[in-house]
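Novice: This structure is in structure tokens; I'll ask about it shortly.
Written out as structure tokens, the structure reads:
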């Protein structure tokens, strides 16, 4: 059984709250209840911070499971990502999910066996991938085909889009952090047990159920706004 650390669940729960908040704002903007600039300024930074925290924790958590369990989990998540691609093709035919968060997580978890034994190398490679991805994006290059999932394409828009560059670099950075702070699956620092406190326990619960919440929260939000927009 995969060992759990309450602080990881707590931080993942915070990331889920941030994600739900962003998608709520996205829905409000999409259904024209307010005009909100999502792709520049505060909300863009908020989205980047949310994704960065979530993908960092993916990297940290990879250290807690055996390679076999990790591979199985990665395949399952990638298949879920592909299912989302198929579903969104019907709902959002012009901007369906090609390579979203679940695709990136599934890919990262599957290839993580290549990096499990490294520490500093993961940090250096992660930094290189992040910097390269950001620099390439700044040149506003149009990519097509398979390159869409590797690099950010300037004129490509999808409702959920996290290409390998720079985001896999964030996962690798998380793997480095996990190796330092949770070497051999053991917490290497002192931390009070706070998970029994009501507020923290509630957030930890969100972190433990992050995959289920990720899969269904936007269905609920979008369905709600879609329903009330008819009146």
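Numbering (this note's numbering), first residue to last: 1 to 231.
Think of the CB as a built atom: it goes at the ideal place given N, C-alpha and C, for glycine as much as any other residue.
(1) In three-state terms, what does DSSP make of residue 89?
(2) Tell me whether residue 66 is buried or exposed, calling it buried when 16 or more other Cβ atoms sit within 10 Å of its Cβ.
(3) Between residue 68 and chain B, is any beta-carbon pair separated by less than 7 Å?
(4) Go through the segment 153 to 213 residue by residue and report every complete run of the alpha helix (DSSP H) that reaches 4 residues or more, in order.
(5) Which ranges would you report for the alpha helix (DSSP H) in the segment 33 to 104 if only whole runs of at least 4 residues count?
(6) Let's see if you can read the secondary structure: which residues bound the alpha helix (DSSP H) around residue 141?
(7) Residue 46 to residue 61, Cα distance in whole Å?
(8) Where do the ends of the alpha helix (DSSP H) carrying residue 19 lie?
(9) Measure the C-alpha to C-alpha separation of residue 229 and residue 15 and round it to an integer number of angstroms.
(10) What are the start and end residues of the alpha helix (DSSP H) that includes residue 147?
(11) Thinking C-alpha only, which one of 116, 19, 115, 85 is nearest residue 103?
Specialist: Put simply:
(1) Taking the first residue of the chain shown as 1, we reach residue 89 at position 89. In the three-state reduction of the DSSP assignment, residue 89 falls in the helix class, which pools H, G and I.
(2) Counted from its first residue, the chain shown places residue 66 at position 66. Exposed, by the Cβ-count rule.
(3) This model lacks chain B altogether, as it is built from one protein chain only.
(4) Listed in chain order, they are 164 to 181, 198 to 208.
(5) Secondary structure within the segment 33 to 104: the alpha helix (DSSP H) runs of 4 or more consecutive residues, fully enclosed, are 41 to 62, 67 to 91 (chain order).
(6) Against the chain shown, residue 141 aligns to sequence position 141. Looking at the DSSP string, residue 141 is not in any alpha helix (DSSP H), and its letter there is neither H nor E.
(7) Indexing the chain shown from 1 puts residue 46 at position 46. Indexing the chain shown from 1 puts residue 61 at position 61. Roughly 23 Å separates the two Cα atoms.
(8) Within the chain shown, residue 19 is the residue found at index 19, counting from 1. Note, residue 19: alpha helix (DSSP H), 6 to 30.
(9) Stepping through the chain shown from its first residue, residue 229 is reached at position 229. Stepping through the chain shown from its first residue, residue 15 is reached at position 15. Rounded to the nearest angstrom, the gap between the Cα atoms of residue 229 and residue 15 is 28 Å.
(10) Here the question's residue 147 lines up with position 147 in the chain shown. 147 to 150 is the span of the alpha helix (DSSP H), which, as asked, contains residue 147.
(11) Counting from 1 along the chain shown, the entry for residue 103 is found at position 103. That would be 85, whose Cα lies nearest to the Cα of residue 103.
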